[in-house]
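Chemist: Residue numbers (the numbering used here), protein chains in the order written: chain W, 1 to 365; chain C, 1001 to 1301; chain S, 2001 to 2281.
Built from N, CA and C at the ideal position, the CB exists for glycine as well.
Let me give you the structure first, and then I'll get to my questions.
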Amino acid sequence: MGSLTISNVTKTFGSTEVLKGINIDIADGEFLILVGPSGCGKSTLMNTIAGLEDVSSGQLLLANEDVTDRSPKDRDIAMVFQSYALYPTMNVARNISFGLEMRGVPKAERDRKVEEVSTLLQINHLLDRKPSQLSGGQRQRVAMGRALARSPRVYLFDEPLSNLDAKLRVEMRTEIKKLHKRLGTTIVYVTHDQIEAMTLADRIAVMKDGLVQQLGTPNEIYDDPANQFVAGFMGSPPMNFVPCEVAEDGSIAIRNRGAVVSLKVPQSDHLKGQDVRKVILGLRPEMITEPKPERSGEWIVNMTMDFDVTEPMGADTIAIGEWNDVEVLARLSPEAGLSAGENTSVQVDLSKACLFDPKSGERVR
Amino acid sequence: MTQNAHKRSGIADRLEAWLPKIILAPTTLAMIVCMYGFILWTGALSFTKSRMLPQWEFVGFLQFEKLFANPRWDVALSNLVVFGFLFIAISLLIGLLLAIFLDQKIRGEGAIRTIYLYPMAVSFVVTGTAWKWILNPGLGIEKLVRDFGFTDFEFRWLVDQEMAIYTIVIAAVWQSSGFVMAMFLAGLRGVDDSLVKAAQIDGANAWQSYWHVILPILRPVFFSAIVILSHIAIKSFDLVQALTGGGPGYASDLPANFMYTFAFNRAQMGIGAASAMIMLFGVLAILVPYLYSELRGSNRG
Amino acid sequence: MAIGRIGIYALLLAFAAVYLMPLYVMVMTSLKDIEEIRQGNLLSLPESPTFYAWVKAWGSACTGSECEGLAPFFFNSIRIVVPAVLISTLIGALNGYVLAKWKFRGSELLFGALLFGCFIPFQVILLPMARLLATLGLANTVTGLVLVHVIYGIAFTTLFFRNFYVSVPNELVKAAQLDGANFFQIFRHIFLPISVPIFTVTIIWQFTQIWNDFLFGVVYSGPGTQPITVALNNLVNTSVGGKEYNVDMAAALIAALPTLVVYVLAGKYFVRGLTAGAVKG
Chain W
1 MGSLTISNVT
11 KTFGSTEVLK
21 GINIDIADGE
31 FLILVGPSGC
41 GKSTLMNTIA
51 GLEDVSSGQL
61 LLANEDVTDR
71 SPKDRDIAMV
81 FQSYALYPTM
91 NVARNISFGL
101 EMRGVPKAER
111 DRKVEEVSTL
121 LQINHLLDRK
131 PSQLSGGQRQ
141 RVAMGRALAR
151 SPRVYLFDEP
161 LSNLDAKLRV
171 EMRTEIKKLH
181 KRLGTTIVYV
191 THDQIEAMTL
201 ADRIAVMKDG
211 LVQQLGTPNE
221 IYDDPANQFV
231 AGFMGSPPMN
241 FVPCEVAEDG
251 SIAIRNRGAV
261 VSLKVPQSDH
271 LKGQDVRKVI
281 LGLRPEMITE
291 PKPERSGEWI
301 VNMTMDFDVT
311 EPMGADTIAI
321 GEWNDVEVLA
331 RLSPEAGLSA
341 GENTSVQVDL
351 SKACLFDPKS
361 GERVR
Chain C
1001 MTQNAHKRSG
1011 IADRLEAWLP
1021 KIILAPTTLA
1031 MIVCMYGFIL
1041 WTGALSFTKS
1051 RMLPQWEFVG
1061 FLQFEKLFAN
1071 PRWDVALSNL
1081 VVFGFLFIAI
1091 SLLIGLLLAI
1101 FLDQKIRGEG
1111 AIRTIYLYPM
1121 AVSFVVTGTA
1131 WKWILNPGLG
1141 IEKLVRDFGF
1151 TDFEFRWLVD
1161 QEMAIYTIVI
1171 AAVWQSSGFV
1181 MAMFLAGLRG
1191 VDDSLVKAAQ
1201 IDGANAWQSY
1211 WHVILPILRP
1221 VFFSAIVILS
1231 HIAIKSFDLV
1241 QALTGGGPGY
1251 ASDLPANFMY
1261 TFAFNRAQMG
1271 IGAASAMIML
1281 FGVLAILVPY
1291 LYSELRGSNR
1301 G
Chain S
2001 MAIGRIGIYA
2011 LLLAFAAVYL
2021 MPLYVMVMTS
2031 LKDIEEIRQG
2041 NLLSLPESPT
2051 FYAWVKAWGS
2061 ACTGSECEGL
2071 APFFFNSIRI
2081 VVPAVLISTL
2091 IGALNGYVLA
2101 KWKFRGSELL
2111 FGALLFGCFI
2121 PFQVILLPMA
2131 RLLATLGLAN
2141 TVTGLVLVHV
2151 IYGIAFTTLF
2161 FRNFYVSVPN
2171 ELVKAAQLDG
2181 ANFFQIFRHI
2191 FLPISVPIFT
2201 VTIIWQFTQI
2211 WNDFLFGVVY
2221 SGPGTQPITV
2231 ALNNLVNTSV
2241 GGKEYNVDMA
2251 AALIAALPTL
2261 VVYVLAGKYF
2271 VRGLTAGAVK
2281 G
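Structure representation (structure tokens):
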């Protein structure tokens, strides 16, 4: 019973409009991730869901009940903060049980809950410690424990992993995913880490300037971005964006190694009759690889490129070349990466190429 | 920020939303009445012919004219200039010097610092009483030096019309310079170590790195210290009262003593109020530029 | 290099001697009898130390028309200081909590206006305050002095607590709100337990300020309610018979003792208060 409906929510601070009408329906048990650059309004949206900030207009429904005007304590929502926000003078056990204490839950019940939660998170041995005596990862677990103890209808996670080192972050990511599987409770999770977003989410909402740019499954967001911003935001290294001219027949022209190459893209047929002269070609780095003979088809093109720089990443190598005077990244196998340089043969897969309007950044389909 | 202008349901929630304002209400009321209201009241009073009791008969700038025509106010003002300048300059100099020396990894720094600072814990009345005895013409320093063999030595500043104000400088510096030291020391401790190292690598000697690198960083401390010291100087009342009683005659009066004497001992409420307003403007003249630069600085950073 | 360091130590110790000299002179003078004072000098040790001056200063020295020593005024000061410190600190703590964590439209302006109160020369409020106290029937009473000290101390106590609480992360408040704690529960369970240092700083600051106050004391107290600083000044300036410098010094030491003891016991917090009061905002 934890569905959450965000309906036309706006929020203004003084004269700045931080949220400009947010609409998201979150199903019971769904793992929704809010991503976006800093200042996009994702944290504000989180705070309004929690009730820590009032909405300027709009509605919040929790399990089909209007909670817009309810104070945080009456919403049955728990939150894990980026800074963990553990109460510094209380030990771990009291940190976990404080919410229950404030709600008047009897001591025995609280102890039982602390026991249960700390076992689940493997922090039993830390119960008597103060937060200052814990490592970053342990604090993170306690912060989650505090949220879990209340068994709320919705969990909010505000960049919970961004203060951890890289290795621990990956571990905790997996653990959060397992936890969600096990509890099946609705989670709204804010991050600016697009890998976290891709790996954890059932659906992702990409935000910018107080608006949801796109709401969809990780694959939809990755393969079928609604606009250039979403395309550029998700994926690492990011999608290549090459400004191109559109020819009469709908093909697009790129200048590569001094010569102009005409590329036919899936959108070409549609572009043929239209008055579109300039587009931005969006192509993920993994769509430019070393030649793979087994692949062929209408959208596979073989060519040679000059790579100035190669960056071995281990599993693959990023090679940097140039089309139309802008940098273009290719993702090569480590072996191919070794010999990449001038005049390197590559295979370009245009089947997932995206075209964007240079002015609005919207998709040209 | 935890903005919580709830429009919540329930009386408890509504009360809760009002709590922050309810809690600040008494302070706000006290502030409006007892600070700003009283300032206005005093300001208004300074334009009336009030003497023993407030009389709301307005006489324009008469009280201010009387004030500035009064030789005693003249003395008090020029005393404030002399006292303020010397007190601030000497306190800054000693405070900075001691702070720099104390910052040289001194053994027993804690104890020495404690000694420099203890006068600040003591009331100005106590300070005045002590120095009144030390500077006693006859039995004080004069006798001490004579006992050392300088039998012609004279030290009678305390009863000397011209010099009495300087005894106040001595006592005030004794009381406040340790505090300036503490401010500078805190400032010095806040200077990034790598800056000093960088200066050394650039070939600066100790003196040069202080003069060119560290002191410019301490500029805000200088400003804060100057503001606080001038504030102390303008408000100085108890020290004069205890050390010289404003004497001999009124030779060592400061504006604060003038105000007290005229408002409470001489039943010249109008002149007292006028002198208080001049003091307020003096403080504002220092404070407003300072706060302005502070606020501008914090907005930038 | 070594000579340089010796020079530094010599200078630091010389200054230490200068700072200590008045205290030394006070103690020595207070232990001498008047005859010895006339014969010896400031620095000479008492040949036959006597507590005569201390006993007299405490119990029988004249402070104007009555001759009961400083004792009654010492207790006056305590009766003024204790409630004034406690009330102003408590109000400051709550004010600071609100101004740091429960901001509302206008609260910053309010804080700025209050901050200004740390700076105004009190001469500018002396006259109207006297009228107000008279109107309230509190002229020359301990209650009146407590009220004055509370009103003009709040600016500082609020500043201290506000600046301390500002550094507490907002997330703690949010977390506690989500945990169901209300305004006072958050203060009680989250803020109070971390506030021991700032309470210490504030209480010491207020104690020193109010104990050492002379201006409000001399203006608003009456014969029976004068604080010790006023009584000390009267004692020193009362010329009944010969001048007893030893009694003056003993009296000054008695007046200084409470704040000196606090300084020695909690110097760290005292300094923190000074610098907090100094580096405002």
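In chain order, what are the residue ranges of uninterrupted alpha helix (DSSP H) at least 4 long that sit wholly in the segment 1097-1182 of chain C?
Modeler: For the segment 1097-1182 of chain C, whole alpha helix (DSSP H) runs of length 4 or above, ordered along the chain, are 1109-1117, 1124-1134 and 1141-1147.
Chemist: Looking at the structure shown, is W:Ser7 part of a helix, part of a strand, or coil, going by DSSP?
Modeler: Numbered from its first residue, the first sequence carries residue 7 of chain W at position 7. The answer is strand: DSSP assigns W:Ser7 an E or B state.
Chemist: I think S:Val2166 touches S:Ala2100, with their Cβ atoms under 8 Å apart; what is that distance to the nearest whole Å?
Modeler: Translated into the one-based positions of the third sequence, residue 2166 of chain S becomes position 166. Translated into the one-based positions of the third sequence, residue 2100 of chain S becomes position 100. About 4 Å separates the two Cβ atoms, so the contact holds.
Chemist: Determine the contact status of W:Arg331 and W:Glu286, defining contact as a CB-CB distance below 7 Å.
Modeler: Translated into the one-based positions of the first sequence, residue 331 of chain W becomes position 331. Translated into the one-based positions of the first sequence, residue 286 of chain W becomes position 286. Yes; because the gap between Cβ atoms is below 7 Å, this pair is in contact.
Chemist: Is the distance from the Cβ of C:Phe1155 to the Cβ of C:Glu1142 below 7 Å?
Modeler: Counting from 1 along the second sequence, the entry for residue 1155 of chain C is found at position 155. Counting from 1 along the second sequence, the entry for residue 1142 of chain C is found at position 142. A contact, by the Cβ cut-off of 7 Å.
Chemist: Would you call the CB atoms of W:Val279 and W:Cys244 closer than 7 Å?
Modeler: On the first sequence, residue 279 of chain W is found 279 positions in, with the first residue counted as 1. On the first sequence, residue 244 of chain W is found 244 positions in, with the first residue counted as 1. In contact: W:Val279 and W:Cys244 (Cβ atoms closer than 7 Å).
Chemist: Would you list the one or two residues that DSSP bridges to W:Cys244?
Modeler: If you number the first sequence from 1, residue 244 of chain W lands on position 244. Partner(s): W:Val279.
Chemist: Looking only at its own chain, which residues have a Cβ that is under 7 Å from the Cβ of C:Ser1139, when we skip the five neighbours before and after it?
Modeler: Start at 1 with the first residue of the second sequence, and residue 1139 of chain C comes out as number 139. The amino acid occupying residue 1139 of chain C in the given sequence is Leu; Ser does not appear at that position. Contacts found: none.
Chemist: Nearest by alpha-carbon distance to S:Gly2064: which of S:Pro2223, S:Arg2272 and S:Ala2266 is it?
Modeler: As a working mapping, residue 2064 of chain S is identified with position 64 in the third sequence. Nearest of S:Pro2223, S:Arg2272 and S:Ala2266 to S:Gly2064, Cα basis: S:Pro2223.
Chemist: Using a beta-carbon distance below 7 Å, is S:Ala2175 in contact with chain W?
Modeler: Locating residue 2175 of chain S in the third sequence gives position 175, counting from the first residue. So yes, S:Ala2175 belongs to the interface.
Chemist: Which of the three DSSP states is assigned to C:Phe1261 in this structure?
Modeler: Here the question's residue 1261 of chain C lines up with position 261 in the second sequence. Rather than Phe, the amino acid found at residue 1261 of chain C in this sequence is Thr. C:Thr1261 falls in the helix class under three-state DSSP.
Chemist: Could you tell me the distance, in whole angstroms, from the CA atom of C:Ile1286 to the CA atom of C:Ala1076?
Modeler: To locate residue 1286 of chain C, count along the second sequence from 1; it is residue 286. To locate residue 1076 of chain C, count along the second sequence from 1; it is residue 76. Approximately 19 Å between the Cα atoms of the pair.
Chemist: Would you report the Cα separation of C:Glu1109 and W:Leu52, rounded to the nearest angstrom?
Modeler: As a working note, residue 1109 of chain C is residue 109 in the second sequence. As a working note, residue 52 of chain W is residue 52 in the first sequence. Their backbone Cα atoms lie some 49 Å apart in a straight line.
Chemist: Tell me the DSSP secondary structure of S:Phe2074 in three-state form.
Modeler: If you number the third sequence from 1, residue 2074 of chain S lands on position 74. The answer is helix: DSSP assigns S:Phe2074 an H, G or I state.
Chemist: Work out the CA separation of S:Ala2084 and W:Ala27 for me, nearest whole Å.
Modeler: Working through the first sequence from its first residue, we reach residue 27 of chain W at position 27. Working through the third sequence from its first residue, we reach residue 2084 of chain S at position 84. For W:Ala27 and S:Ala2084, the distance between alpha carbons rounds to 58 Å.
Chemist: How long is the line joining the alpha carbons of W:Val18 and S:Ser2221, rounded to whole angstroms?
Modeler: Counting from one through the first sequence, the residue named residue 18 of chain W turns up at place 18. Counting from one through the third sequence, the residue named residue 2221 of chain S turns up at place 221. Taking the straight line joining both Cα atoms gives about 57 Å.
Chemist: Identify the contact partners of S:Glu2171 in chain W, using a Cβ-Cβ distance below 7 Å as the criterion.
Modeler: For the purposes of this step, residue 2171 of chain S is taken as residue 171 along the third sequence, with counting starting at 1. Chain W residues near S:Glu2171: Phe81, Ser83 and Ala85.
Chemist: Relative to chain S, which residues along the segment 102-113 of chain W have a C-beta separation below 7 Å, given in chain order?
Modeler: Going along the segment 102-113 of chain W in chain order, one finds Met102 and Arg103 with a Cβ nearer than 7 Å to chain S.
Chemist: Taking the Cβ atom as the reference point for each residue, do W:Met239 and W:Ile221 lie within a distance shorter than 7 Å?
Modeler: On the first sequence, residue 239 of chain W is found 239 positions in, with the first residue counted as 1. On the first sequence, residue 221 of chain W is found 221 positions in, with the first residue counted as 1. Their beta carbons are not under 7 Å apart, which means W:Met239 does not touch W:Ile221 by this criterion.
Chemist: Show which residues of chain A have a CB atom less than 7 Å away from the CB atom of S:Ile2190.
Modeler: No chain A is present in this structure, whose protein chains are W, C and S.
Chemist: Whether or not the segment 1235-1249 of chain C and the segment 1194-1214 of chain C are in contact is what I'm after, with contact meaning three or more pairs of Cβ atoms, one per stretch, closer than 8 Å; do they touch?
Modeler: The answer is no - the segment 1235-1249 of chain C does not touch the segment 1194-1214 of chain C, with fewer than three Cβ pairs under 8 Å.
Chemist: C:Trp1018 lies in the alpha helix (DSSP H); which residues open and close that run?
Modeler: Along the second sequence, one-based indexing puts residue 1018 of chain C at 18. C:Trp1018 -> alpha helix (DSSP H) spans Ile1011 to Met1031.
Chemist: Give me the DSSP bridge partner(s) of W:Asp158.
Modeler: As a first step, residue 158 of chain W must be located in the first sequence, where it is residue number 158. Answer is W:Val190, bridged to W:Asp158.
Chemist: By how many angstroms is the C-alpha of C:Thr1167 removed from the C-alpha of C:Met1001?
Modeler: Mapped onto the second sequence, residue 1001 of chain C falls at position 1. Mapped onto the second sequence, residue 1167 of chain C falls at position 167. The predicted position of C:Met1001 is uncertain, since its pLDDT is 38 and thus under 50; a value taken from the coordinates is nonetheless stated next. C-alpha separation (whole angstroms): 52 Å.
Chemist: Any idea what DSSP makes of S:Cys2067, helix, strand or coil?
Modeler: The residue you call residue 2067 of chain S lines up with position 67 of the third sequence. Three-state DSSP puts S:Cys2067 in coil, outside helix and strand.
Chemist: Quick check: what's the CA-CA separation for W:Lys352 versus W:Leu271?
Modeler: As a position in the first sequence, residue 352 of chain W is number 352, starting the count at 1. As a position in the first sequence, residue 271 of chain W is number 271, starting the count at 1. When rounded, the distance between both Cα atoms is 16 Å.
Chemist: For the segment 2196-2216 of chain S, enumerate the residues whose C-beta is nearer than 8 Å to any C-beta of chain W, in chain order.
Modeler: So nothing in the stretch comes that close.
Chemist: Mind checking if W:Phe233 is an interface residue toward chain S, Cβ cutoff 7 Å exclusive?
Modeler: As a first step, residue 233 of chain W is located in the first sequence; it is residue number 233 there, counting from the start. No, because no Cβ of chain S sits closer than 7 Å to the Cβ of W:Phe233.
Chemist: Report the option in W:Arg129, W:Ala85 and W:Glu109 whose CA atom is closest to the CA atom of W:Val92.
Modeler: Start at 1 with the first residue of the first sequence, and residue 92 of chain W comes out as number 92. Answer by Cα proximity: W:Arg129.
Chemist: Residues of chain W with CB under 8 Å from S:Ala2093, in chain order?
Modeler: Taking the first residue of the third sequence as 1, we reach residue 2093 of chain S at position 93. Result: empty, since nearest Cβ-Cβ is about 16 Å, beyond 8 Å.
Chemist: State buried or exposed for C:Ile1100, treating a residue as buried only when at least 16 other CB atoms are found within 10 Å of its CB.
Modeler: Within the second sequence, residue 1100 of chain C is the residue found at index 100, counting from 1. By the neighbour-count rule (16 or more Cβ atoms within 10 Å), C:Ile1100 is buried.
Chemist: For a test of the three-state rule: what should DSSP assign to W:Glu65, helix, strand or coil?
Modeler: Here residue 65 of chain W refers to the residue found at position 65 when the first sequence is read from its first residue. Strand, per DSSP.
Chemist: What's the call for W:Gln140, buried or exposed, on a 16-neighbour Cβ count within 10 Å?
Modeler: Walking along the first sequence from the start, residue 140 of chain W turns up at place 140. Per the 10 Å Cβ criterion, buried.
Chemist: By DSSP's criteria, W:Pro312 is part of a beta bridge. Which residues make up the other side?
Modeler: On the first sequence, residue 312 of chain W is found 312 positions in, with the first residue counted as 1. Answer by DSSP bridge pairing, in chain order: W:Thr317.
Chemist: To the nearest angstrom, how far is it from the Cα of C:Trp1056 to the Cα of C:Thr1048?
Modeler: Here the question's residue 1056 of chain C lines up with position 56 in the second sequence. Here the question's residue 1048 of chain C lines up with position 48 in the second sequence. Answer to the nearest angstrom: the Cα atoms are 6 Å apart.
Chemist: Looking at chain S, is there any beta carbon in it that lies within less than 7 Å of the beta carbon of C:Ala1089?
Modeler: Taking the first residue of the second sequence as 1, we reach residue 1089 of chain C at position 89. No, C:Ala1089 does not count as interfacial toward chain S.
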